[in-house]
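Under this note's numbering, the first residue of the sequence shown carries the number 15, and numbering increases by one thereafter. Note that CB positions come from ideal geometry on N, CA and C, so glycine has one too. All of these numbers come straight from a predicted model, not from anything done at the bench.
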Amino acid sequence: MIHVTATGLVVKGGRVLLGKRTSAVRFAGMWDAFGGHLVPCEEPASALVRELEEELGIRAVQPQFLGIYEDVDPTSHDLFRHYLFLVTRWEGEPRIANEEHSETRWFTPGEAMALNVA
Numbered sequence: 015m016i017h018v019t020a021t022g023l024v025v026k027g028g029r030v031l032l033g034k035r036t037s038a039v040r041f042a043g044m045w046d047a048f049g050g051h052l053v054p055c056e057e058p059a060s061a062l063v064r065e066l067e068e069e070l071g072i073r074a075v076q077p078q079f080l081g082i083y084e085d086v087d088p089t090s091h092d093l094f095r096h097y098l099f100l101v102t103r104w105e106g107e108p109r110i111a112n113e114e115h116s117e118t119r120w121f122t123p124g125e126a127m128a129l130n131v132a
């Protein structure tokens, strides 16, 4: 099975905003960028805007497409195709807006690389 997602790297002042996943979701306790699955017939950029509103309460303004990467879920062995975007402008203040994340935090690129990320 192939899962298609849109993921946004929310960046401000050289730092990236990541969320720590709750125990109620896969990859519990790991940090990740924000985003989620596309719904049928949805464009990746539209999915990203929707997901950031659902997860962070922000509206992305002109997200920049960076590329596509794929990986395999180690437990289900399903293939994931991720559309990756850079988000440097948005409306609203980022906050936890659903039960997927227990906290958010800004990290430098070096700090983010050292984390246990999903």
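Extent of the continuous beta strand (DSSP E) run through residue i
i	result
Arg109	Segment: none, Arg109 is in no beta strand (DSSP E) and carries neither H nor E.
Glu84	78 to 86
Own chain, CB closer than 7 Å to residue i, minus 5 neighbours either side, in chain order
i	result
Glu67	Arg73
Glu65	Ala20, Phe48, Gly49, Gly50
Ala38	Glu113
Own chain, CB closer than 6 Å to residue i, minus 5 neighbours either side, in chain order
i	result
Val18	Leu52, Arg95
Leu98	Thr21, Leu80, Gly81
Rounded straight-line distance, which links the Cα of residue j to that of residue i
i	j	result
Pro58	Phe79	9 Å
Ala61	Gly43	24 Å
Ala47	Ala132	8 Å
Glu105	Ile16	32 Å
Thr102	Ser116	23 Å
Asn147	Gly124	Only positions 15 to 132 of the chain appear in the structure, and residue 147 is not among them; the question remains open.
Phe121	Gly22	15 Å
Thr89	Thr36	18 Å
Gln76	Asp92	30 Å
Glu56	Val63	11 Å
Leu100	Arg40	24 Å
Val24	Ala128	18 Å
Beta-carbon contacts of residue i that lie in its chain and below 8 Å, excluding the five residues immediately before and after
i	result
Thr118	Leu31, Leu32, Gly33, Lys34, Leu70, Pro108, Arg109, Ile110
Gly28	Thr122, Pro123
Ala126	Val30, Leu32, Trp45
Element boundaries [alpha helix (DSSP H), containing residue i]
i	result
Ser60	58 to 70
Glu125	123 to 127
So, does the segment 77 to 93 touch the segment 108 to 116, judging by three or more C-beta pairs under 8 Å?
Not touching, per the Cβ criterion.
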